[in-house]
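Each remark here refers to the structure printed beneath this line.
Residue numbers (the numbering used here), protein chains in the order written: chain A, 2 to 309; chain B, 2 to 309.
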């Protein structure tokens with residue numbers, strides 16, 4: 002009867018040049034007992050170890066684009082899964098070329114993976130649903146960067162009514178609890194209603210959602226797709242004073258990330274993909290919080306959950 | 002008049018699966034003002050930063066073979082050199098396929114390196130000299146592993162006589178000191194000998210040398226090529242109790258590394274490429290030191306120099 006976990010762990014949020022001990026973009030998302038990796042920067046496998054997250058439990062990996070700081074940890078991670086004896090299928094989503102990169106590495110290292118790696122090349126022009134399991138659906142978010150790039154929107158599905166623990170009769174069977182969670186009334190063998198569903202349950206909590214947008218220039222038109230998400234991670238490579246440089250390199254500023262969060266009325270904003278020029282990140286946080294209140298720095302090791 | 006540095010810094014010595022915070026094989030060797038990288042495992046660029054070694058000062062990189070734990074940090078490092086504005090040539094030595102891996106990464110990330118990357122594909126069948134600069138020559142060491150693999154032997158060249166500081170006249174010109182270092186006598190304009198070279202100099206110190214052997218099965222026949230090197234780094238993936246597994250996977254044991262060091266009469270032995278099965282590495286050190294006394298664990302962050 003415990004609520005399902007929905008936990009985002011930041012494993013790295015440095016932009017192209019790692020600096021001050023910060024690592025490249027990698028995130029781990031757990032929903033229920035499913036585990037997803039979002040981007041896979043260099044040393045992702047070391048960072049997973051460091052923060053006690055098990056590579057073998059990862060069900061699917063989502064790669065936004067083929068700049069090295071977002072995927073150069075992938076081949077090492079796939080190899081370690083192989084060496085650790087993985088047999089279970091792994092789903093991998095990313096740009097078409099990613100398949101060629103992996104194939105070349107496996108060829109030169111004379112390796113045949115012992116587990117099925119299901120590679121799903123991404124078409125990133127429009128928003129499409131690319132993944133679905135028991136807990137979530139994942140849709141792409143069109144982004145604009147120097148190479149084809151896509152964001153990812155994770156949304157919980159199949160939210161069950163919550164049981165009113167105080168009112169539950171003591172001797173309900175597991176079968177009866179299942180019926181309640183499906184929204185059904187409890188009836189006796191003759192079909193008479195024993196308890197109406199709404200007597201014993203509360204409406205389901207809101208479906209939780211997480212959106213990952215990196216790397217991209219500021220795209221205010223994405224506010225519609227990001228409408229009311231619980232957590233938005235948005236790249237904030239620069240401060241506003243470097244806005245020209247941001248648009249020139251197809252990156253965004255902390256201020257722009259906050260503008261988008263405000264426009265989309267998201268609940269919580271995480272800033273990341275920090276330029277190596279910023280040792281102290283608090284000015285980026287200050288800049289964004291002037292525009293949008295509920296904002297955090299996505300620093301590695303931190304765990305974020307949707308607010309209750 | 003200071004002696005030239007000859008410093009080996011270990012940046013990683015974990016075998017295939019990184020464990021206990023240990024990183025993949027990467028080493029930094031400084032001789033004089035030249036800097037070399039030997040293998041380039043994942044997170045090599047992070048490790049360089051961590052141990053305050055500057056990527057832009059690296060002159061040449063030597064890759065032993067195309068197993069991921071020995072080269073998956075290379076593309077990230079090359080990219081960072083590019084982003085940091087490198088213009089200076091970089092020499093890269095490694096198996097032929099390495100060129101294709103780099104080309105593919107650069108293509109997908111839409112990157113044209115701003116500096117000349119001179120790739121020298123290696124033929125690994127016999128010992129050949131592959132590199133030479135002001136300070137060292139580098140020769141290959143034939144190794145035997147699951148994929149083509151080569152070791153590297155760095156040897157100092159052009160060792161100058163050492164000046165006897167106590168006996169030097171006070172007013173020697175830079176030109177005169179140069180002559181002494183070239184082994185010449187000092188003469189006056191008329192050609193008369195002022196000082197004989199051997200009055201003011203001592204014989205040059207011994208040319209220092211470093212041999213890197215990873216990954217490989219035990220090859221006692223390499224003792225000849227490794228004869229009397231100052232420092233031998235040899236892979237010691239397993240303990241002797243796993244000798245069968247070592248030979249099956251074409252790796253070596255700590256005991257075998259020590260046998261080779263003894264046979265080759267090297268001065269100092271470094272053990273590395275530790276299996277993830279060993280959390281505590283002291284048993285490997287104990288095993289080797291029963292056979293060869295001057296032996297050390299090559300743990301990351303440690304700096305080794307030839308004994309005086």
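For glycine and all other residues, C-beta sits at the position ideal for the given N, C-alpha and C.
For residue i, tell me which candidate among the options has the shortest Cα-Cα distance.
i: residue 179 of chain A; options: A:277, A:189, A:164; result: A:164
i: residue 139 of chain B; options: B:219, B:212, B:181; result: B:212
i: residue 27 of chain B; options: B:249, B:285, B:234, B:297; result: B:234
i: residue 113 of chain A; options: A:260, A:88, A:198; result: A:88
i: residue 278 of chain A; options: A:271, A:249, A:256, A:240; result: A:240
i: residue 294 of chain B; options: B:227, B:12, B:260, B:181; result: B:260
i: residue 98 of chain A; options: B:105, B:203, B:181, B:100; result: B:105
i: residue 79 of chain B; options: B:96, B:68, B:52, B:42; result: B:42
i: residue 202 of chain A; options: A:257, A:100, A:186, A:227; result: A:186
i: residue 230 of chain A; options: A:33, A:64, A:306; result: A:306
i: residue 199 of chain A; options: A:228, A:161, A:45, A:216; result: A:161
i: residue 264 of chain A; options: A:257, A:224, A:249; result: A:224
i: residue 81 of chain A; options: B:16, B:167, B:117, B:244; result: B:16
i: residue 52 of chain A; options: A:177, A:227, A:10; result: A:10
i: residue 44 of chain B; options: B:74, B:60, B:194; result: B:74
i: residue 132 of chain A; options: A:204, A:108, A:92; result: A:92
i: residue 115 of chain B; options: B:197, B:271, B:57; result: B:57
i: residue 127 of chain A; options: A:226, A:107, A:232, A:238; result: A:226
i: residue 135 of chain B; options: B:245, B:244, B:33; result: B:33
i: residue 209 of chain B; options: B:232, B:216, B:189; result: B:232
Can you give the beta carbon distance from residue i to residue j, rounded, assuming they're within the 8 Å contact cut?
i: residue 184 of chain B; j: residue 236 of chain B; result: Residue 184 of chain B to residue 236 of chain B, Cβ: 40 Å. No contact.
i: residue 269 of chain B; j: residue 308 of chain B; result: 6 Å
i: residue 247 of chain B; j: residue 254 of chain B; result: 5 Å
i: residue 85 of chain A; j: residue 18 of chain B; result: 7 Å
i: residue 142 of chain A; j: residue 94 of chain A; result: Residue 142 of chain A to residue 94 of chain A, Cβ: 13 Å. No contact.
From residue i to residue j, what does the alpha carbon distance come to, in whole angstroms?
i: residue 71 of chain A; j: residue 130 of chain B; result: 38 Å
i: residue 66 of chain B; j: residue 146 of chain B; result: 9 Å
i: residue 21 of chain B; j: residue 218 of chain A; result: 39 Å
i: residue 137 of chain A; j: residue 30 of chain A; result: 11 Å
i: residue 214 of chain B; j: residue 191 of chain B; result: 54 Å
i: residue 50 of chain A; j: residue 68 of chain B; result: 21 Å
i: residue 24 of chain A; j: residue 207 of chain A; result: 33 Å
i: residue 175 of chain B; j: residue 182 of chain B; result: 11 Å
i: residue 110 of chain B; j: residue 150 of chain A; result: 11 Å
i: residue 299 of chain B; j: residue 14 of chain B; result: 7 Å
i: residue 286 of chain A; j: residue 83 of chain A; result: 40 Å
i: residue 297 of chain B; j: residue 222 of chain B; result: 23 Å
i: residue 283 of chain B; j: residue 275 of chain B; result: 11 Å
i: residue 144 of chain B; j: residue 258 of chain B; result: 13 Å
i: residue 228 of chain B; j: residue 252 of chain B; result: 21 Å
i: residue 303 of chain B; j: residue 159 of chain B; result: 28 Å
i: residue 48 of chain A; j: residue 12 of chain A; result: 6 Å
i: residue 46 of chain A; j: residue 102 of chain A; result: 18 Å
i: residue 250 of chain A; j: residue 242 of chain A; result: 14 Å
i: residue 8 of chain B; j: residue 59 of chain B; result: 14 Å
i: residue 148 of chain A; j: residue 280 of chain B; result: 42 Å
i: residue 244 of chain A; j: residue 61 of chain B; result: 37 Å
i: residue 77 of chain B; j: residue 107 of chain B; result: 11 Å
i: residue 90 of chain B; j: residue 193 of chain B; result: 46 Å
i: residue 204 of chain A; j: residue 166 of chain A; result: 13 Å
Among all the DSSP beta bridges, which residues are the ones paired with residue i?
i: residue 170 of chain A; result: For residue 170 of chain A, which the question treats as bridged, DSSP gives no partner whatsoever.
i: residue 36 of chain A; result: A:31
i: residue 235 of chain A; result: A:214, A:272
i: residue 304 of chain A; result: A:10
i: residue 254 of chain B; result: B:239
i: residue 389 of chain B; result: No answer is possible for residue 389 of chain B: the residues shown for chain B start at 2 and end at 309.
i: residue 140 of chain A; result: A:130, A:154
i: residue 194 of chain B; result: B:188
i: residue 15 of chain B; result: B:25, B:275
i: residue 54 of chain A; result: For residue 54 of chain A, which the question treats as bridged, DSSP gives no partner whatsoever.
i: residue 298 of chain B; result: B:272
i: residue 164 of chain B; result: B:202
task = Spell out a yes or no on whether the region 116-124 of chain B and the region 165-175 of chain B are touching, meaning 3 or more CB-CB pairs, one atom from each, closer than 8 Å.
result = Counting Cβ pairs under 8 Å, fewer than three are found: no touch.
query = Is there contact between the region 146-157 of chain B and the region 30-37 of chain B, where contact requires at least three CB pairs shorter than 8 Å?
reply = Taking 8 Å as the limit for Cβ pairs, the verdict is that the region 30-37 of chain B does touch the region 146-157 of chain B.
ask   = Does the region 281-300 of chain A touch the region 3-13 of chain B, meaning 3 or more C-beta pairs lie closer than 8 Å?
value = Segments in contact, no.
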